[in-house]
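Data block below; observations after.
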Amino acid sequence: MSTHSTPDPALTPLLETALSALPAPLRVWYSPSELVAQLGRDLKLELSRLSDDVFAERFWARCAAPGTTPDDYRNRWLDLDGLRVLTGIRFKGLDMAQPFVDVVASTAPLEAPDLWQALAARIRSEYAVFRPLQLRVFRAGPAPLELAPGLPVVAHTRLVAGLLSAMRSLPDPAHFARLEAHPASNLNFYPRYRAIYDALHAESPERREFARPESEEDLQEALEDGLLFEMRIEGVWAGVMAAYRGVGHGLRGFVVGEMLLDSAFRGQGLGPAAQRCFAHALPARPGDTVFGHIHPRNVAALTTARRCGRQDLGGELFVRL
1 MSTHSTPDPA
11 LTPLLETALS
21 ALPAPLRVWY
31 SPSELVAQLG
41 RDLKLELSRL
51 SDDVFAERFW
61 ARCAAPGTTP
71 DDYRNRWLDL
81 DGLRVLTGIR
91 FKGLDMAQPF
101 VDVVASTAPL
111 EAPDLWQALA
121 ARIRSEYAVF
131 RPLQLRVFRA
141 GPAPLELAPG
151 LPVVAHTRLV
161 AGLLSAMRSL
171 PDPAHFARLE
181 AHPASNLNFY
191 PRYRAIYDAL
201 HAESPERREF
211 ARPESEEDLQ
221 EALEDGLLFE
231 MRIEGVWAGV
241 MAAYRGVGHG
251 LRGFVVGEML
261 LDSAFRGQGL
271 GPAAQRCFAH
281 ALPARPGDTV
291 FGHIHPRNVA
301 ALTTARRCGR
311 QDLGGELFVR
321 L
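Quick note on full-length UniProt numbering: the sequence shown kicks off at 1 and runs consecutively.
Here it is in structure tokens:
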């Protein structure tokens, strides 16, 4: 990873813009210096990808589109009238058939419809070799129907987060005493775990869009970090919970990777108990949150998350180009 021995002058305006657009709860959960540090970490990583040879070459090797070179996979500045926008090519699920451009940050707020239309035109031109279908941007608050005329929001996920200390202080939900979380010692459960998803998708194919199994590699990472748990109800194996330590959107703490109950235990109102069990099992530090993106069609997951003390902070919007 590229490193910088001196502060990057590009960071300050990006930080100022990001701070101005933060969801309100973060200003309660964190001090101004903590927010600067947490946002700065993400922005420094994205700025490094403007010139990071290793990032570009690995990304190209995994998702080499016809007619491209590793240089095409670096993040890029796009200049508009009076501001700069940091962008990068991405692929949904690393699927080459689903290219999109990530609008990572900007040196001033992107609010006016004509700015979004100008940015969309620049994206179509600068990333033409990839033929991107959409752009992605995070916006606090409810998802709009469009960013500008001709730029409809065609999909979005909700960023749902809660301060762990507050979540743990809520009254115990029903069934909480029945459920236990045990740190996993291996991935021997993985075939059974995949079978649960296979049955779920066979029963409701539309759930493939928002409920997908984690890979063995990702669960192995959670296992090695002590963040993979097997749930048991009165001694019977009942499902899997996994998290990954990280930061994002100004938050720090645990990204929810998995929260899956076996089919035998679904429909019994155990979701809030599982979430609370998870919150108590995580090795939290002061200021840690639990956060993750939930598809709005996954109504049960959103409802359970809110009942357990997590708040909807905004949407990761996918906008048709």
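The beta carbon of each residue, even a glycine, is placed where N, CA and C say it ideally should be.
Collapsing the DSSP output to three states places Glu-214 in coil. Taking every protein chain shown into account, the CB of Pro-99 has 16 or more other CB atoms within 10 angstroms, so this residue is buried. Taking all protein chains in view, the Cβ of Glu-217 is surrounded by fewer than 16 other Cβ atoms within 10 Å, so the residue is classified as exposed. With contacts defined by Cβ atoms closer than 7 Å, Leu-219 and Ala-238 do not form a contacting pair. Counting the other Cβ atoms within 10 Å of the Cβ of Asp-312 gives 16 or more, which makes it buried. Under DSSP, the beta-bridge partners assigned to Ala-140 are Gly-314. Taking 4 residues as the minimum length, the alpha helix (DSSP H) runs contained wholly in the segment 59-133 are 113-126, in order along the chain. Contact between Ser-51 and Val-85 is absent: CB atoms are separated by about 17 Å, not below the 8 Å threshold. Judged by beta-carbon spacing, Phe-254 lies beyond the 7 Å limit of Ala-161, meaning their Cβ atoms are not closer than that value.
As the crow flies, the alpha-carbon of Pro-296 is around 6 Å from that of Thr-157.
Contact holds between the segment 173-193 and the segment 261-273, because three or more Cβ pairs, one in each stretch, are under 8 Å apart. Put simply, of Gly-150, Val-129, Leu-159 the residue whose alpha carbon is nearest the alpha carbon of Ala-143 is Leu-159. In the same chain as Leu-170, and ignoring 5 residues on each side of it, the C-beta atoms closer than 8 Å to its own belong to Arg-276, Cys-308, Gly-309, in chain order.
Within the same chain, and ignoring the five residues on either side of Ala-181 in sequence, the residues whose Cβ sits closer than 7 Å to its Cβ are Phe-229, Met-231, Met-241, Cys-277, Phe-278, Ala-281. Judged by their CB atoms, Phe-189 and Asn-298 are not nearer to each other than the 7 Å cut-off. If you look at Gly-271, you'll find it isn't in any beta strand (DSSP E); it sits in the alpha helix (DSSP H) that goes 271-281. Counting only the Cα atoms, Leu-35 lies some 8 Å from Leu-26.
Between Ala-120 and Leu-321, the C-beta gap is smaller than 7 Å, which places the two residues in contact. Three or more pairs of CB atoms, one per stretch, sit closer than 8 Å, so the segment 13-20 contacts the segment 30-44.
Distance from the CA atom of Gly-267 to the CA atom of Glu-206, rounded to whole angstroms, is 19 Å. In the structure shown, Glu-146 falls within a strand segment according to DSSP collapsed to helix, strand and coil. In the displayed model, His-156 falls within a strand according to three-state DSSP. Straight across, the Cα-Cα distance linking Ala-184 with Gly-226 is about 8 Å.
With respect to the C-alpha of Met-167, the residue from Pro-286, Leu-11, Pro-132 having the closest C-alpha is Pro-286.
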